[in-house]
Structures are given as structure tokens and as C-alpha cells.
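Q: Numbering (the working numbering), first residue to last: 399 to 922.
Even for Gly, the Cβ is constructed at its ideal location relative to N, Cα and C.
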């Protein structure tokens, strides 16, 4: 280490050590001591805070003192230590002045001075109840006599144990009115927590004030209803028991919650009933089966919202022969269009009676149904509209009803042609150029496609090409149209080059495609 560096460090030590050593005793610190300690760059703020906690103060800070200490760089640790000393101990300034006074008054005069009022900590509410996953506000007032105590850092011992909380005890700092507000995350589980208000240092406060936090369930969010389906027969039956368990969005049971069980439509014959949940969020209802006049839905409601639905249906064995699509099958339409007639599904029991109020589930392939399920009407029928898919060919709609599954086939035709394609030997050449040899025949294949990529039958196209065959040969000097062959989806045009040169071959049949043809001499 250089001599200059050693001299600089010696100067710092000389500046800092006297103040620190002077404060190492047990005498309370004066404001001038705090000023010297905070002004010295060598002394860490943590050391100042430790001295304050150990020695306390010989004065009670005023509003001006707090401002001066903050201006001198006192951090939260130092301010908390000063606040804890001020709140936890009576002022010692009066005692010190009495012991060092040069007054001629007898010693008993100082001893008989009135004692400073005791520090009091009051919870504005000893019990706070909040819903799960919310924030609880616990307010504490700190006073000495009638004087509010500001800048006192408090902690809520035990709040670190809240399930789903921050994992550390909540802290709060009193304001100018002596009020501190703890903001405590309540967690998602229903529970009751007991806390103690202490100083941030962990020191207990007079009277050991305590607070209770009660975490209640949130609003009813889901309900488990059993049975979810009531099978009603054609003969009088006894009552059905419906059990409901209500929970909030975090899975906590909701106790003492009024629930209403009522029919979706009044003409069902089910009487509305109201019950309150028990401590486990459960409630039981009775439905008189003999009173049910028609199938339908029975709703479980809470606070005006529907939580669950019970399906009431007239059951019995399903007839496979009498259950299936009865109308709308075999229809044909253009791709991506709505069929003019809806598909009608019918459900009958083994006795031949319609089965109303039963759910039919629809699935489709290469088609779209307007709804994936429907409830049969009083005639045991359910209707569904169908939009055909984009792929030409077949579309299938399947209906599932209990153990019966049946399908209906529909036909999808291509849409209008929007593109004419020219291919040679499987390669697309429209818009390009091909080279052919004189006197060597070649073929071009024509295809037409709709806007969804479906090939369109070329029967009409072939007839059009046959009509222009003679006209083309009369005008063309390089190529001769030999013939046209077609299948259901393509048309093949056969040419024979008769002279060398370049020509543009344009094929027009509602749509137009062009290909440049270069005729060269045959290779030798």
C-alpha cells in the first residue's frame, strides 16, 4: 500500500473513530451525536441503527428532528430504530436534565416530576373477515397519551404463516396521525389466523395487542349436483333426492348459502324450493316425480345466477328401429352452402311412444351443424340445420342418442369454376412456354377447379372444344388439333406440329388459359 493511501485511510479513521468510540457507552444519544454519526461517511448506517437500538435517545424527536435526520441520510433501518426507541421507552431527557441540573432545588423535586404517558397500541378492529384471495386491511393506532406517534414501524407476527401469502410477516409504518395500515394477502384457503402486533425489531408492545383474520369463502362459483339426470317413468313414483355441493372458484365449500331449485319452465309441474347449505356447502332437495308433467331442465340458482342444471326426462328402453333420421337425408348441394331442408331426428321407446326431453348429440364430417346437441320435443324429434363442407364428394352427419348411433349421408357438389389449368406430362404449363418437335404429336390436359380446389367435371368443356376443332385448324399454321378425349374430370387435347415457329395457344371455355408453343425441327 502506498504512503499516500495509508495517509488517506488514517485521516478517515481519525475522523470517524472519535465519534463512534464516544457513542459506545450506555448513555442515550443526543441529537448532536446522531448528526455526527450520520454525517460521517466512514460509519455505516447499520452501525448507527445498532447504537440507537442499544443506547436509545436522550431526546424525543420533533417533526423538525425527523426531517433533519432524513436529510442527513438516515435510512429505513435507522428511522425504524429511532421509532422503536421512541415508542418502547419513556423519554429519558427529563431524567438526565434533572440529574445534571445545577438548580438548588432538592433532589425530590425531580423525582416527583409527572411520569410520561404510557405507549398504547389499539387495533381499530380486532377481527377482520375478508373473502378468499382478497387483501385484508388491518389498522392499528399508536399513541402516547393523547399524542399520536409517527414513523413507528410495526410488524404483524404470524402473518407469514398464511397459506398462499408472501411468506414473511407484514409490516406497516405509522403516519402523522399515528395510524398504521397492514395490507395482508388473505390467501385462497378458508381459515382463521391469529396475529400479534409487535415492533419491527420483534419487541413486544404493551398489552401484547392481537388481531384475528378470518378468510371466508368467495362467491358461489360451481355446484356438483347429483343426480344430474332424472329418469322419469310413466307410472307414479316416489320423490327423487337431489344433493348439491356448492364451492367457490378456489374449491372452498360455501356454507350458509341460500340455494333455489326451480324449473326452467313453470309448466313442468316442479315446485320451486329453497334450502341453505350446511357447514360443508351441501344442501338436499326433494322432487316429487309424480308431479312432473313434462320433461325439461331444473335449475340450481344462487344470488340470481344459475350454478347447475338437472335434466328431467321420460325414460324407458330405446327402440333401435324407431330411432334415427326421418327427414332431410340424401340431399345434394354445392360446397359451403346451407341445405334447404333441415335434418330431422326422431326417438321412440320400445313401446312406440315418443321420447321427449332427451338430448341428441350431433357430429359431422365434411359439414357443419348449427348446434352439436339438441333436446327432443314433445314428439320426440330434434332438428338440425347443415352447411356442407368445402370438399366435393360425401358429407356425413351422425346422431347419438343413448346407446343408438345413426348416420345420414349427404352429397357435396363442386362450386363454380374459377380456374382453368393446362398440364403437359403432369406438369402445369399454363402461363409458360413449351417446346415441341415438328411432326411429333403432343397432348395437353385441361382441368377446371372451383374456389376450394375441387376438380369440376369437364363434359361441357369437351363439347365446347369439339365445336371449335374445325375453326382452329382453319386458322392455325403451326399446329393442327387432332382430337379431344375426356373423362369425368379432365380433357386431353392432342396436337400435331406441322411447321417450325412460335405461336401462342389460347384455350377459352368460359375461363381462359394461355401457353406459348415453340415448334422446332426434329432431332436427327
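Return the Cβ separation of residue 689 and residue 711 in integer angstroms, given the expectation that the two are a contact with Cβ distance under 8 Å.
A: Actually they do not touch by this definition, with Cβ atoms about 15 Å apart.
Q: For residue 722, which residues of its own chain have a beta-carbon under 8 Å away from its beta-carbon, when the five flanking residues on both sides are left out?
A: Contacts found: 743, 744, 797, 802, 804.
Q: Output needed for residue 911: all residues of its chain with C-beta closer than 8 Å, excluding positions within five of it in sequence on either side, in chain order.
A: Same-chain partners within the cutoff: 818, 819, 820, 828, 829, 844, 904, 905.
Q: Going along the chain, which unbroken runs of the beta strand (DSSP E) with 3 or more residues stay wholly within the segment 532–573?
A: Within the segment 532–573, the complete beta strand (DSSP E) runs of at least 3 residues are 533–542, 551–555, 568–571.
Q: What number of angstroms, rounded off, separates the C-alpha of residue 608 from the C-alpha of residue 451?
A: So the two alpha carbons sit approximately 24 Å from each other.
Q: Between the beta-carbon of residue 481 and the beta-carbon of residue 551, is there less than 7 Å?
A: Yes, they are a contact pair.
Q: What first and last residue would you give for the beta strand (DSSP E) that runs through residue 785?
A: First-last of the beta strand (DSSP E) with residue 785: 784–786.
Q: Could you give the DSSP three-state label for residue 523: helix, strand or coil?
A: Coil, per DSSP.
Q: Are three or more beta carbon pairs between the segment 731–738 and the segment 773–792 nearer than 8 Å?
A: Yes, the segment 731–738 touches the segment 773–792.
Q: Looking only at C-alpha atoms, which of 625, 681, 603, 584 sits nearest to residue 562?
A: Closest by alpha carbon: 584.
Q: Nearest to residue 840 by alpha carbon, out of 436, 870, 878?
A: Looking at the Cα atoms, 878 is the closest of the given residues.
Q: Within the same chain, show all residues whose beta-carbon is closer than 6 Å to that of residue 589, passing over the 5 residues directly before and after it, in chain order.
A: 613.
Q: Please report the Cβ distance between residue 846 and residue 862, rounded to the nearest whole angstrom; I am assuming they are in contact, meaning their Cβ atoms lie under 8 Å.
A: Going by Cβ atoms, the distance from residue 846 to residue 862 rounds to 11 Å, so no, they are not a contact pair.
Q: What is the C-beta distance between residue 678 and residue 661, in whole angstroms, given that I count them as a contact (C-beta under 8 Å)?
A: Their Cβ separation, rounded to whole angstroms, is 27 Å, which puts residue 678 and residue 661 out of contact at 8 Å.
Q: For residue 603, which residues from the same chain have a beta carbon less than 7 Å from its beta carbon, with the 5 sequence-adjacent residues on both sides left out?
A: Cβ within range, chain order: 519, 595, 596, 597.
Q: For a test of the three-state rule: what should DSSP assign to residue 620, helix, strand or coil?
A: Correct three-state label for residue 620: strand.
Q: Just list the alpha helix (DSSP H) runs in the segment 416–487, keeping only unbroken ones of 4 residues or longer that don't cross its boundaries, in chain order.
A: You should have 429–437, 443–453, 461–469, 474–486.
Q: Could you tell me the boundaries of the beta strand (DSSP E) in which residue 592 lies?
A: Segment 589–597, the beta strand (DSSP E) holding residue 592.
Q: Since I believe residue 641 is in contact with residue 624 (beta carbons under 8 Å), could you give me their beta-carbon distance rounded to a whole number of angstroms?
A: Confirmed, Cβ separation roughly 5 Å.
Q: So, residue 917 versus residue 834, is the Cβ gap smaller than 7 Å?
A: In this structure, residue 834 lies closer than 7 Å to residue 917 by Cβ.
Q: Taking the alpha carbon of residue 472 as the point to measure from, which residue in 453, 484, 433 has its own alpha carbon closest?
A: Nearest option by C-alpha distance: 433.
Q: How is the beta strand (DSSP E) around residue 791 delimited, first residue to last?
A: Segment 791–799, the beta strand (DSSP E) holding residue 791.
Q: Roughly how many whole angstroms lie between the Cα atoms of residue 591 and residue 649?
A: So the alpha carbons of these two residues sit roughly 19 Å apart.
Q: Considering just the uninterrupted stretch of the beta strand (DSSP E) at residue 393, what are its terminal residues?
A: Beyond the ends of the chain as shown, which are 399 and 922, falls residue 393; an answer cannot be given.
Q: According to DSSP, is residue 675 part of a helix, a strand, or is it coil?
A: Residue state, collapsed to three classes: coil.
Q: Output the distance between the C-alpha atoms of residue 630 and residue 672, rounded to the nearest integer angstrom.
A: Their backbone Cα atoms lie some 22 Å apart in a straight line.
Q: By alpha-carbon positions, which one of 643, 696, 718 ends up nearest to residue 930?
A: A query on residue 930 cannot be resolved here, the shown segment of the chain reaching from 399 to 922 and no further.
Q: Cutting at 8 Å between CB atoms, please list the residues of its own chain near residue 587, excluding the five before and the five after it.
A: Counting only Cβ-Cβ distances below 8 Å, and skipping sequence neighbours, we find 530, 561, 562, 613, 648, 650.
Q: Quickly, what does DSSP pair residue 900 with across the bridge? List them, please.
A: Note: residue 900 sits in a beta bridge opposite 916.
Q: Strictly by DSSP, which residues pair up with residue 950?
A: Within the shown structure, residues of the chain are numbered from 399 to 922, placing residue 950 beyond reach of any answer.
Q: Note down, in chain order, each residue of its chain lying with its Cβ closer than 8 Å to the Cβ of residue 813, except the 5 sequence neighbours on either side.
A: Cβ neighbours of residue 813 beyond the five flanking positions: 732, 733, 734, 848, 849, 850, 852.
Q: If you reduce the DSSP assignment to three classes, tell me which class residue 921 lands in.
A: Coil, per DSSP.
Q: If distances are taken between C-alpha atoms only, which option among 810, 517, 533 comes closest to residue 544?
A: Of 810, 517, 533, the residue nearest in Cα terms is 517.
Q: Compute the Euclidean distance between the alpha carbons of residue 687 and residue 666, then round it to the nearest angstrom.
A: For residue 687 and residue 666, the distance between alpha carbons rounds to 11 Å.
Q: Applying the criterion that 16 or more other CB atoms from any shown protein chain within 10 Å of the CB defines a buried residue, is residue 684 buried or exposed?
A: Result: exposed.
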